[in-house]
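Note sheet for the following structure.
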DNA sequence: GTCTATACGCCGATAGAC
DNA sequence: GTCTATCGGCGTATAGAC
């Protein structure tokens, strides 16, 4: 992975000045290095020296040109990923009418991220954000996740999803999805995520679909 | 919670000397304090001073009478919980013949632990053990989990569970269970765990049962 | 054998040279 | 405006007093 994910690379700089572009590029380097290191070792085992080395800077002091504290690096990374996720979900909701189709595409997004940007999935599913960013919203309360709740509620209204608490529906549906992805990230399954997507979708949808 | 869980309290000391009993009691105090603190703040946010205060000792130096390093405290705690879990699963396997009944009781155990010893479930489901105990086996490779795999494989052999990879069956079944419990631990569901057990069991078993 | 006092290293953060 | 050199604090671990 060369960028923080793909269509996921926030890159709408337009016609800014040279210097701003360079500055922004360095910030992306820092965030990318941080993402990799956090996925490998976690927040507390990653020092600013690690980040400086991995991002190709010449001194730790240089980092402070861009982020005032280590926590703020983590927060910037977390929010950048959540923004991308939120945007992708918006896009999926725009392109698909039925909740079932929206969910299928969201699952597809998570599985393809698992193959193409496993570090992002590790950060979302494995790291305990609350331990190092106690001020930030936990994943479940972020805009992105709220949108998923809305989809489930819509599914319940239309009768595609059986009538249970939407939080329980979330736990059942994404429990299957995320636990499977965790197994893949842990190296317990041989093939690429892609190979398990259809089977896992069927099981997850089956768990909440009205029969 | 006064002890590290119940039938879960390892307490087979018998007729040892007074002093050994006292020593062992202090060690239990240390582990209990550690469990609580880790569940609250995680490993890295918990200092030995925290542990000393919470466990009622008068100095951090006293801790070193019992455990040589902070990591070894964590390892002792982790292994104690895994041993209890393993023993409970053995017991469940002994008392139940059919995989479906064994699984139902295991689910019951996890839900009752969630109500009665949420710190233990937090440590098992939320904390990232690998970050602070890189030498220890990850949860999925421990004896306790291997026993659960065996139950799933047996279920596949007897035809109760549909014929899928037993790792996928694990992900689907326990994905639902554990994600629901995580939601409860996060305070996102109003009632006690107990209240969701039957509904969650039905969904989880439905996801892997042969129809 | 129990605690006090302290050593020591690591790391985040900064001040100041160039 | 960029890096070097360093500070200061925290937290683990220990040595030694009692």
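Chains as they are written, first to last, in the numbering used here: chain A, 4 to 214; chain B, 4 to 214.
C-beta: ideal position from N, C-alpha, C; glycine also.
It should be emphasised that the depicted structure is a prediction, and the values quoted were computed from it without experimental measurement.
Problem - Neighbour-count burial assignment, residue 183(A), 16 or more Cβ in a 10 Å radius - result: buried
Practice task
Classify residue 164(B) as helix, strand or coil using the three-state DSSP reduction.
Solution key: strand
Handout entry: Span of the alpha helix (DSSP H) around residue 217(A)
Key = Residue 217(A) lies beyond the range of chain A shown here (4 to 214); nothing can be said about it.
Practice task
Would you mind telling me which residues of chain B sit closer than 8 angstroms to residue 202(A), beta carbon to beta carbon, in chain order?
Solution key: 167 and 171
Exercise for the section: Report all residues from its chain with a CB closer than 7 angstroms to the CB of residue 91(B); omit the five preceding and five following residues, and keep chain order. Expected result: 112
Exercise for the section: Please work out which residues of its chain come closer than 7 angstroms, Cβ to Cβ, to residue 99(A), disregarding the five sequence neighbours upstream and downstream, and give them in chain order. Expected result: 105 and 108
Exercise for the section: Would you check if the distance between the CB atom of residue 88(B) and the CB atom of residue 37(B) is smaller than 8 angstroms? Expected result: no
Exercise for the section: Using a Cβ-Cβ cut-off of 8 angstroms, state whether residue 103(A) counts as contacting chain B. Expected result: no
Problem - Limits of the unbroken alpha helix (DSSP H) element including residue 64(B) - result: 63–66
Problem - chain A residues whose Cβ lies nearer than 8 angstroms to that of residue 219(B) - result: Nothing in the structure corresponds to residue 219(B), since chain B is present only between 4 and 214.
Exercise for the section: Return the residue from the list 164(B), 171(B) and 174(B) that minimises the CA-CA distance to residue 214(B). Expected result: 164(B)
Problem - Simplified DSSP assignment, three categories, for residue 36(A) - result: helix
Handout entry: Close-in-space but distant-in-sequence residues of the same chain around residue 140(B) (CB under 6 angstroms, 5 per side omitted)
Key = none
Practice task
Within its chain, find whatever has a CB closer than 7 angstroms to the CB of residue 204(A); leave out the 5 residues flanking it on each side and keep chain order.
Solution key: 107 and 110
Problem - Own chain partners of residue 64(A) with C-beta closer than 6 angstroms, once the 5 adjacent residues on each side are dropped - result: none
Exercise for the section: Taking all protein chains shown into account, decide if residue 15(A) is buried (16 or more other Cβ within 10 angstroms of its Cβ) or exposed. Expected result: At residue 15(A), the pLDDT of 43 sits below 50, so the modelled position is not reliable; the number obtained from the coordinates is stated separately. Exposed, because fewer than 16 other Cβ atoms sit within 10 Å of the Cβ of residue 15(A).
Exercise for the section: Go ahead and pull the three-state DSSP assignment for residue 212(B). Expected result: strand
Exercise for the section: Would you kindly check if the distance between the Cβ of residue 132(B) and the Cβ of residue 142(B) is under 8 angstroms? Expected result: yes
Handout entry: Nearest candidate by alpha-carbon position, reference residue 66(B), set 160(B), 194(B) and 34(B)
Key = 34(B)
Practice task
Give a yes or no on whether the C-beta atoms belonging to residue 210(A) and residue 156(A) are separated by under 8 angstroms.
Solution key: no
Practice task
Could you please give the first and the last residue of the uninterrupted alpha helix (DSSP H) stretch that includes residue 124(B)?
Solution key: 121–128
Practice task
Give the interface partners of residue 151(B) over in chain A, defined as CB-CB distance under 7 angstroms, in chain order.
Solution key: Within chain A, no residue comes near residue 151(B); the closest Cβ sits about 13 angstroms away, beyond 7 angstroms.
Practice task
Starting from residue 191(B), find everything on chain A with Cβ-Cβ shorter than 7 angstroms and list it in chain order.
Solution key: 143 and 170
Problem - Residue-level contact to chain A via CB, residue 174(B), 8 angstroms cutoff - result: yes
Problem - Neighbourhood of residue 179(B) by C-beta distance below 8 angstroms, restricted to the same chain and skipping five residues each side - result: 203, 206, 207 and 210
Exercise for the section: Classify residue 197(A) as helix, strand or coil using the three-state DSSP reduction. Expected result: helix
Handout entry: Where residue 189(B) falls: helix, strand or coil (DSSP)
Key = coil
Practice task
Tell me where the alpha helix (DSSP H) around residue 55(A) begins and ends.
Solution key: 51–57
Exercise for the section: Please report how far the alpha carbon of residue 73(A) lies from the alpha carbon of residue 85(A), in whole angstroms. Expected result: 19 angstroms
Problem - residue 169(B) (DSSP reduced to helix, strand or coil) - result: helix
Practice task
Closer than 8 angstroms by beta-carbon distance: list the chain A residues that pair up with residue 199(B), in chain order.
Solution key: 171
Exercise for the section: Give a yes or no on whether the minimum CB-CB distance between residue 178(B) and chain A is below 8 angstroms. Expected result: yes
Handout entry: 8 angstroms contact criterion, which residue 40(A) and residue 54(A) should meet: CB distance rounded
Key = 6 angstroms
Handout entry: Span separating the alpha-carbon of residue 129(B) from that of residue 116(A)
Key = 22 angstroms
Exercise for the section: State the DSSP-derived secondary structure class of residue 43(B), mapped to helix, strand or coil. Expected result: helix
Problem - Whole-angstrom distance between residue 31(B) and residue 3(B), CA atom to CA atom - result: With chain B covering 4 to 214 only, the question about residue 3(B) has no answer from this structure.
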